[in-house]
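J.:
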Amino acid sequence: MAKGNIGVTSDNIFPVIKKFLYSDHEIFLRELISNAVDATQKLKTLSSVGEVKGDLGDLRVRVSIDKKKKTLTVSDHGIGMTAEEVDKYINQIAFSGAEEFLNQYKDKAEAIIGHFGLGFYSAFMVSKKVEIFSQSYKEDAKAVHWSCEGSPEYTMEDTIKSERGTDIVLHIDDEFTQYLEDATIEGLLKKYCKFLPVEIAFGKKKEWKDGKEVELDEENIINDVNPAWTRKPADLKDEDYDKFYHELYPMQMDEPLFHIHLNVDYPFNLTGILYFPKIKSNLDVHRNKIQLYCNQVYVTDEVENIVPEYLTLLHGVIDSPDIPLNVSRSYLQSDNNVKKISGYITKKVADKLAELYKADKDEFAKKWDDIKMFIQFGMLTDEKFYEKAVGFALYKNLDGKYSTLEEYKDQVRDKQVDKDGNMVMLYTNDPDAHYTYIERAKAKGYDVLLMDGELDVHIMSQAEQKNEKLRFVRIDSDTIENLIKKEETAKDNYTDEQKEGLRKAFENLLPSDADKLKYYVTCEAAAADALPVFLTQNEFMRRMKEMSAHQQGMSFYGQMPDSYNLVVNTAHPLIQELVAKETSEQVNEEVEKDGKKETVVKTVCALSGEDERLKQLIDIALLASGQLKGEALAKFVNRSVELL
Ligand code: ADP
């Protein structure tokens with residue numbers, strides 16, 4: 009029997025492995041199975057070039073638990089290792105230069121694994137002793153038994169092993185008995201090994217029979233060795249993509265909307281399938297994540313730095329041997345391959361969407377509501393994506409018609425350009441609440457967009473920035489005559505004093521809750537057939553407030569009270585009647601002029617005795633914009649009955 013020291017200059021490698029890798033210790037299983045799969049793949053390669061003769065026989069990798077002996081074993085029928093190879097690959101290679109490196113990266117466990125291919129040694133995270141039994145495929149090679157108890161000392165001796173391949177036997181630490189539970193191991197296998205290219209067997213298949221779970225004679229195979237993304241798009245039908253989607257996300261009931269099959273081999277290697285899920289709100293977003301694989305080995309579903317943020321809304325898989333997997337996140341961001349991959353995926357996704365849009369605009373429009381969140385998110389966060397997406401990002405009007413911004417511009421160009429040459433897009437986020445405003449706009453032949461999505465406000469601001477002389481205004485933000493000003497606004501014949509008297513009369517009767525809600529009264533000649541009094545809300549202030557809900561540094565706007573304009577329509581006969589009832593009187597007023605006090609005579613107009621009517625008018629305005637509720641509404645109803 010040979011004894012020796014593992015080729016590492018530091019005695020503390022094992023405590024380090026245990027301690028620093030603690031948080032992620034479950035990855036040991038992934039590492040061991042990857043090695044087993046690699047060994048099997050290598051054997052297949054050797055066989056295909058004729059270096060290994062004859063039938064390769066059973067190539068399944070098996071994972072088994074022996075509860076009595078407290079061992080977990082990973083067995084393969086791959087190329088195996090000779091004693092020299094164990095010495096070279098296990099005893100020497102793994103720890104060359106380890107001491108220096110460890111000092112440098114004490115707390116970056118993942119980096120240690122990645123840098124040194126500590127794959128095999130991760131077994132010591134959960135084991136007090138690890139044994140290797142291996143029989144090389146090489147003719148005349150003797151089987152070897154290696155054993156190590158978590159210190160730099162190991163033993164190595166010849167042994168007898170009837171089958172080609174390697175068994176790695178872990179004597180599980182008392183602290184980690186969960187790894188002797190079938191359920192834990194099956195769970196880990198499903199997580200990391202679901203799509204490995206060699207069959208992984210764990211125990212026997214089980215079936216429910218008469219309310220009991222019974223074991224069948226068949227082995228329980230964990231993985232799909234030919235997952236859809238590794239196959240040629242030409243060989244796959246839509247059903248295959250859908251089926252694979254549900255394989256990836258067994259809990260997902262909805263079908264994906266469509267998919268994109270990624271396949272590049274230059275300048276980097278990348279395959280994968282991305283799915284567009286139905287996303288209705290932010291809440292849905294992160295339930296199913298894109299999974300990242302490296303040669304079919306599951307790595308992570310934290311892909312934030314590898315794909316652009318908005319693409320993380322998609323589902324699916326990305327498989328690339330070129331993404332550095334075991335390094336820190338900050339490193340990932342600066343990695344050139346990663347940047348290229350991210351750029352490539354953006355382009356590919358944008359091209360696919362453009363292609364779908366071109367191929368069938370109606371079909372695309374049908375899916376728009378489900379994908380708009382994702383596309384808008386992309387447009388707002390990625391300039392390159394924006395450039396492509398303007399060609400297929402859609403706007404929907406109240407008749408349910410969809411158009412791109414350019415198409416929509418053409419549609420409204422005739423009517424909705426104001427006297428200064430601004431094209432004004434009218435929109436509502438709540439057609440019921442804005443019903444009266446919408447009717448007035450339609451009466452003028454204007455079109456109204458439905459913009460009720462979570463990102464719509466941002467998308468409109470972006471479109472305004474990118475398009476000169478384009479403005480979006482919510483239908484209730486002013487009188488329709490003011491929203492799209494055609495010529496100088498209609499004038500009425502009233503004096504400023506008369507209007508001030510009218511303004512004050514209304515102001516005194518408005519509900520007040522100065523912290524939360526503020527009303528400003530203005531007198532304007534709208535249209536004779538518009539409401540006598542109505543509410544508008546300044547587009548800019550409202551939008552700032554809405555955006556402040558999502559953005560940092562805008563809390564100033566968030567804290568402002570909601571403010572509305574109560575517009576008194578001096579063109580309306582009812583208002584004209586009220587003006588006629590105003591009384592006017594001359595008052596003396598002291599003013600300071602050039603340091604001297606002077607008395608001037610002023611005209612003051614006032615309206616009295618009409619409070620009930622004014623209240624009724626105010627309530628109608630509130631009612632028309634959905635703001636009359638509770639007690640105020642009850643009072644309105646009663647007053648209406650009395651007036652009748
Ligand atoms: P890595 O897999 O990153 O090279 P490991 O420490 O996991 O690092 O393994 C070191 C080497 O040991 C492998 O490259 C391989 O040559 C050999 N090896 C490990 N496990 C097996 C196995 N099950 N069968 C054959 N060779 C193996």
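Residues in the sequence shown are numbered consecutively from 9, following this note's numbering.
Glycine included, every Cβ here is placed at the ideal spot set by N, Cα and C.
Taking 6 Å as the line, does the beta carbon of residue 261 fall inside it for any heavy atom of ligand 1?
T.: Every heavy atom of ligand 1 is 6 Å or more from the Cβ of residue 261, so no.
J.: Mind checking which residues open and close the beta strand (DSSP E) that includes residue 404?
T.: Segment 402-404, the beta strand (DSSP E) holding residue 404.
J.: Determine the direct distance from the alpha carbon of residue 286 to that of residue 185, and round the result to whole angstroms.
T.: Distance between the alpha carbons of residue 185 and residue 286 is about 41 Å.
J.: Is residue 379 near residue 401, with beta carbons less than 7 Å apart?
T.: Their beta carbons are not under 7 Å apart, which means residue 379 does not touch residue 401 by this criterion.
J.: Is the Cβ of residue 438 closer than 7 Å to any Cβ of chain D?
T.: Among the chains of the structure shown, chain D does not appear; only one protein chain is present.
J.: Confirm, please, whether the CB-CB distance from residue 62 to residue 145 is below 7 Å.
T.: For residue 145 and residue 62, no; Cβs fall outside 7 Å.
J.: Could you compute how far the alpha carbon of residue 512 sits from the alpha carbon of residue 479?
T.: C-alpha separation (whole angstroms): 33 Å.
J.: According to DSSP, simplified to helix, strand and coil, what is residue 106?
T.: Unreliable placement is indicated for residue 106, whose pLDDT of 48 sits below 50; the coordinate value is still reported in the next sentence. The answer is helix: DSSP assigns residue 106 an H, G or I state.
J.: By DSSP, does residue 527 sit in helix, in strand, or in coil?
T.: Reduced to three states, the DSSP call for residue 527 is strand.
J.: Near residue 299, which residues of its chain fall below 6 Å by C-beta distance, leaving aside the five closest residues on each side in sequence?
T.: If we look at residue 299 and ignore the five residues flanking it on each side, its Cβ neighbours are 309 and 325.
J.: For residue 249, which of helix, strand or coil comes out of DSSP?
T.: Here residue 249 sits in helix by DSSP.
J.: In terms of DSSP beta bridges, what is residue 216 paired with?
T.: Answer by DSSP bridge pairing, in chain order: 221.
J.: DSSP three-state call for residue 124: helix, strand or coil?
T.: In this predicted model, residue 124 has a pLDDT of only 46, less than 50, meaning its place in the structure is not dependable; the value taken from the coordinates is given anyway. Three-state result, residue 124: helix.
J.: Please report how far the alpha carbon of residue 595 lies from the alpha carbon of residue 508, in whole angstroms.
T.: Roughly 15 Å separates the two Cα atoms.
J.: For residue 30, count neighbouring C-beta atoms within 10 Å of its own C-beta (all shown protein chains included) and say buried if the count is 16 or more, exposed if not.
T.: Residue placement at residue 30 is flagged as unreliable, the pLDDT there being 48, under the threshold of 50; the coordinate-derived value follows with that caveat. Exposed, because fewer than 16 other Cβ atoms sit within 10 Å of the Cβ of residue 30.
J.: Would you tell me roughly how many angstroms separate the C-alpha atoms of residue 350 and residue 314, rounded to the nearest one?
T.: If I take the Cα positions, the gap works out to 6 Å.
J.: When the Cα atoms are used, what is the spatial distance from residue 631 to residue 446?
T.: Taking the straight line from one Cα to the other gives about 15 Å.
J.: Which residue marks the beginning of the beta strand (DSSP E) containing residue 166, and which one marks its end?
T.: Run containing residue 166: 161-167, per the beta strand (DSSP E) assignment.
J.: Could you check if residue 89 belongs to the surroundings of ligand 1, using beta carbon to heavy atom distance under 6 Å?
T.: Residue 89 Cβ: within cutoff of ligand 1.
J.: Taking the alpha-carbon positions, what's the residue 569 to residue 303 distance?
T.: Looking at the two C-alpha atoms, the distance is approximately 56 Å.
J.: Alpha carbon to alpha carbon, how far is residue 415 from residue 472? Give it in angstroms, no decimals.
T.: Roughly 16 Å separates the two Cα atoms.
J.: Once the 5 residues before and after residue 458 are set aside, which same chain residues still bring their CB inside 6 Å of it?
T.: Answer for residue 458: 404 and 406, listed in chain order.
J.: So residue 446 is in the beta strand (DSSP E); what residue range does that whole segment cover?
T.: From DSSP, residue 446 is part of no beta strand (DSSP E) but of the alpha helix (DSSP H) over 443-451.
J.: Comparing alpha-carbon positions, which option in 232, 167, 275 and 449 lies nearest residue 254?
T.: The option with the nearest alpha carbon to residue 254 is 232.
J.: Any chance the stretch 131-142 sits against the stretch 173-181, with 3 or more Cβ pairs inside 8 Å?
T.: Output reads yes: the stretch 173-181 touches the stretch 131-142.
J.: Pick from 212, 486, 234 and 492: whose alpha carbon is nearest that of residue 201?
T.: The option with the nearest alpha carbon to residue 201 is 234.
J.: Alpha carbons only, please: which of 92, 128, 443 and 262 is nearest the one belonging to residue 149?
T.: Ranking 92, 128, 443 and 262 by Cα distance to residue 149 puts 92 first.
J.: Does the structure place the stretch 579-591 close enough to the stretch 537-555 that three or more beta carbon pairs sit under 8 Å?
T.: Yes: at least three Cβ pairs fall under 8 Å.
J.: Taking only runs that begin and end inside the stretch 417-490, name each unbroken alpha helix (DSSP H) of 4 or more residues, in chain order.
T.: The qualifying runs are 443-451 and 464-474.
J.: Name the two residues that bound the continuous beta strand (DSSP E) containing residue 154.
T.: 151-156 is the extent of the beta strand (DSSP E) around residue 154.
J.: For the alpha helix (DSSP H) containing residue 192, list its first residue and its last residue.
T.: 190-201 is the span of the alpha helix (DSSP H), which, as asked, contains residue 192.
J.: In three-state terms, what does DSSP make of residue 239?
T.: It is coil, neither helix nor strand.
J.: Run through the DSSP bridge pairs and tell me what residue 397 is partnered with.
T.: In DSSP, residue 397 forms no bridge with anything.
J.: Let me know the secondary structure DSSP gives residue 621 once reduced to three states.
T.: Correct three-state label for residue 621: helix.
J.: Does DSSP classify residue 119 as helix, strand or coil?
T.: Low confidence applies to residue 119: its pLDDT is 45, below 50, so where it sits in the model is not reliable, and the reading given next is rough at best. Three-state DSSP puts residue 119 in a helix.
J.: The alpha helix (DSSP H) that contains residue 61, what's its start and end?
T.: Unbroken run through residue 61: none, as it is neither H nor E.
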